[in-house]
Amino acid sequence: MSTTVEAVTERSADEVNEEIRALWLRSGGTLSTEQREEYQRLVLEWAAATP
582 MSTTVEAVTE RSADEVNEEI RALWLRSGGT LSTEQREEYQ RLVLEWAAAT P
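Residue numbers (the working numbering): 582 to 632.
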């Protein structure tokens, strides 16, 4: 059994914001259930991100 831990790469708020914008552009302004879950995850990441 491996005991290595994957390094978590923290992204800046700007990087996460760009992904949020791209998600909205891809969706055409209406999020599917799956996209809404991704959006919620991204917003939480954005709120915790470094400026």
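Heads up, the beta-carbon is just placed ideally off N, CA and C, and yes, glycines get one too.
How long is the line joining the alpha carbons of residue i and residue j, rounded to whole angstroms?
i: E619; j: L604; result: 9 Å
i: R592; j: A630; result: 6 Å
i: E615; j: E600; result: 15 Å
i: D633; j: R602; result: Residue coverage of the chain in this structure runs from 582 to 632, which leaves residue 633 outside it and unanswerable.
i: E626; j: L606; result: 19 Å
i: R622; j: S613; result: 14 Å
i: R617; j: G609; result: 13 Å
i: A628; j: N598; result: 10 Å
i: T611; j: P632; result: 28 Å
Does residue i come within less than 7 Å of chain C when only Cβ atoms are used?
i: E626; result: Here chain C cannot be found, since the structure has a single protein chain.
Can you tell me which residues form a DSSP beta bridge with residue i?
i: T614; result: None; T614 has no bridge partner.
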